[in-house]
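Have a look at the structure below, then the notes.
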Amino acid sequence: MRELVIDLDAIAGNLHTMRAGSVGAKVMGVVKANAYGHGMVPVAKRLEAEGVDYLGVADIGEALELRAAGIKTPVLAWLHDPRETYLEAVRHDIELGLATIAQLESVVAAAKTLGTVAAVHLKVDTGLGRNGATLHEWPALVAEARDLAAAGLIRVVGVFSHLSVTSAADDLAQIEKFDAAVEQARNLGLEFEMRHLLASDGAILYPQACYEMVRIGIALYGFSPFIDHSADEYGLRTAMTAKSVVVQTKRVPAGHGVSYGYLHRTEGERTLALIPVGYAEGLPREATGAAQVSIRGHRYTILARIAMDQFVIDCGDDEVEVGDEVVLFGDPTLGLPSADSLARAVGTINYEIVTRMGGRFKRRYIGEVQ
Ligand SMILES: *Cc1c(COP(=O)(O)O)cnc(C)c1O
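The working numbering puts the first residue of the sequence shown at 5, with every later residue one more than the last.
Below is the structure:
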């Protein structure tokens with residue numbers, strides 16, 4: 005009675021759309037955080053079948069789940085527990101994004117234990133201020149990696165960074181710093197196969213800076229990385245539809261309070277419809293009074309307080325029956341409320357809306373399932 009319908013064909017189409025715009029660069033499909041709520045393994049399997057070059061995740065645990073599911077595509081993980089031993093990651097051929105010499109040393113210890121060579125990508129902070137070596141720390145990290153590579157303990161696959169997408173001036177400054185860091189690494193004798201800097205937003209804005217790979221997340225799922233531009237403008241198609249059903253209807257008199265705190269009272273005799281989705285499923289409680297849902301093609305605002313398990317729609321005198329489908333959000337080009345509109349209603353971004361969907365929602369895959 006609560007479903008996230010995931011259209012894998014839409015995701016495949018979005019991959020090809022982003023690939024076409026990335027001027028020959030490899031494409032990493034970013035499937036962290038359960039593929040932004042879309043379900044990591046089914047999404048990764050379809051991306052693999054579509055020939056994605058890499059898969060990207062934050063945590064090693066996510067990478068290991070991909071391997072356990074039989075995924076063979078190269079996987080990069082870039083956010084690590086300080087106590088991480090890297091043994092399982094190296095054993096399962098997970099490539100590691102690293103920012104510190106301490107991390108390099110731990111990875112090398114794992115490679116030695118396993119008698120193998122660990123594959124790493126070195127991350128430089130070109131201005132985002134998140135993970136990555138500072139420009140000051142960078143030469144020492146590079147020199148250490150160069151020496152470990154020469155000793156046959158690691159293979160440096162890539163050098164990477166991440167943009168803030170604050171303004172064109174800020175981004176271009178980061179691109180320049182990235183180029184300088186790459187140049188410096190080469191001058192220090194570091195050899196590597198690829199540079200990668202851009203996520204979905206950057207890949208759309210700066211095709212000239214795709215380098216050898218781009219890391220695409222939100223666009224794969226059919227969403228625009230920009231609040232002021234729709235996905236449609238980039239030829240991207242929404243993959244997720246969040247649906248439920250009406251589980252009870254009732255006719256109530258005027259002045260009937262509805263849900264906690266009576267944020268809504270009926271203005272006349274009204275039909276109320278009960279929908280079994282609440283904040284436990286990730287529907288933001290603060291969407292009360294702002295979010296819309298679609299029932300029988302009509303839009304209704306959720307006026308009464310969203311609870312943990314359920315919310316109520318005042319349908320007025322409209323026809324509505326138990327079992328009617330309720331769409332919380334889906335493809336706006338089909339006339340449905342969108343994750344973007346829900347995001348706007350609660351002052352967040354589409355990324356957060358789709359990623360937080362969970363709880364008792366069941367995912368159902370449509371399109372070609374691998
Ligand atoms: C999440 C993430 C991405 C993907 O970002 P999107 O904006 O969803 O395309 C790329 N690179 C890094 C380092 C990330 O953390």
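Using N, Cα and C, we set each Cβ at its ideal position, and we do this for glycine too. On a predicted model such as this, the values are computed, not experimentally measured, just so you know.
Exposure label - residue i; buried when at least 16 CB within 10 Å
{"i": "K116", "result": "exposed"}
{"i": "D129", "result": "buried"}
{"i": "V326", "result": "exposed"}
{"i": "N354", "result": "buried"}
{"i": "H23", "result": "Sequence inspection shows Arg at residue 23; the His mentioned does not correspond to that position. R23 comes out buried."}
{"i": "G41", "result": "buried"}
{"i": "H140", "result": "exposed"}
{"i": "Q296", "result": "buried"}
{"i": "L346", "result": "buried"}
{"i": "N191", "result": "exposed"}
{"i": "L176", "result": "exposed"}
{"i": "D11", "result": "buried"}
{"i": "K366", "result": "exposed"}
{"i": "H233", "result": "exposed"}
{"i": "L338", "result": "exposed"}
{"i": "M217", "result": "buried"}
{"i": "E187", "result": "exposed"}
{"i": "A155", "result": "exposed"}
{"i": "S26", "result": "buried"}
{"i": "M452", "result": "Summary: the structure shown does not reach residue 452, with the chain confined to residues 5 through 374, and so no result is reported for it."}
{"i": "I231", "result": "exposed"}
{"i": "D85", "result": "exposed"}
{"i": "T170", "result": "exposed"}
{"i": "R50", "result": "buried"}
{"i": "Y264", "result": "exposed"}
{"i": "K76", "result": "exposed"}
{"i": "R255", "result": "exposed"}
{"i": "P288", "result": "buried"}
{"i": "V316", "result": "buried"}
{"i": "E109", "result": "exposed"}
{"i": "T138", "result": "exposed"}
{"i": "R303", "result": "exposed"}
{"i": "A235", "result": "buried"}
{"i": "V281", "result": "buried"}
{"i": "G28", "result": "exposed"}
{"i": "I370", "result": "exposed"}
{"i": "A106", "result": "exposed"}
{"i": "A223", "result": "buried"}
{"i": "A144", "result": "exposed"}
{"i": "H20", "result": "exposed"}
{"i": "G286", "result": "buried"}
{"i": "P341", "result": "buried"}
CB-CB length for residue i against residue j, believed under 8 angstroms
{"i": "L201", "j": "I179", "result": "7 angstroms"}
{"i": "T242", "j": "G334", "result": "6 angstroms"}
{"i": "K247", "j": "V330", "result": "7 angstroms"}
{"i": "G55", "j": "G33", "result": "Going by Cβ atoms, the distance from G55 to G33 rounds to 10 angstroms, so no, they are not a contact pair."}
{"i": "R150", "j": "G193", "result": "5 angstroms"}
{"i": "V324", "j": "I306", "result": "Rounded, the Cβ-Cβ distance is 14 angstroms, inconsistent with contact."}
{"i": "V47", "j": "A37", "result": "Contact doesn't hold; Cβ gap of about 11 angstroms is too wide."}
{"i": "G133", "j": "K127", "result": "At roughly 13 angstroms, the Cβ-Cβ gap does not stay under 8 angstroms, so G133 and K127 are not in contact."}
{"i": "P78", "j": "E52", "result": "Not confirmed; about 10 angstroms, so no contact."}
{"i": "A313", "j": "A284", "result": "It should be pointed out that residue 313 corresponds to Asp in this sequence rather than to Ala. Correct: roughly 6 angstroms between the Cβ atoms."}
{"i": "L267", "j": "A308", "result": "6 angstroms"}
{"i": "L83", "j": "Y58", "result": "Not a contact, Cβ separation roughly 16 angstroms."}
{"i": "I208", "j": "V250", "result": "About 39 angstroms; that fails the 8 angstroms criterion."}
Exercise. Is the region 271–280 touching the region 318–333, taking contact as three or more C-beta pairs under 8 angstroms?
Worked result: yes
Problem set entry | At least three beta-carbon pairs within less than 8 angstroms, the region 160–179 to the region 111–121 | no
Exercise. Is there contact here, the region 206–214 with the region 287–302, by at least three beta-carbon pairs under 8 angstroms?
Worked result: no
For this session: Let me know the beta strand (DSSP E) ranges lying completely inside the region 53–96, each 3 residues or longer, listed in chain order.
Result: 58–61, 79–81
Problem set entry | Whole runs of the alpha helix (DSSP H) within the region 278–310, excluding any shorter than 4 residues | none
Problem set entry | Uninterrupted beta strand (DSSP E) stretches inside the region 125–208 (no shorter than 3 residues) | 158–164, 198–200
Exercise. On the three-pair Cβ rule with 8 angstroms, is the region 52–72 touching the region 85–99?
Worked result: yes
Exercise. What are the uninterrupted segments assigned as alpha helix (DSSP H) that are 4 or more residues long and contained completely in the region 5–32, given in chain order?
Worked result: 12–25
Problem set entry | Every unbroken beta strand (DSSP E) inside the region 208–234 [3 residues or more] | 217–220
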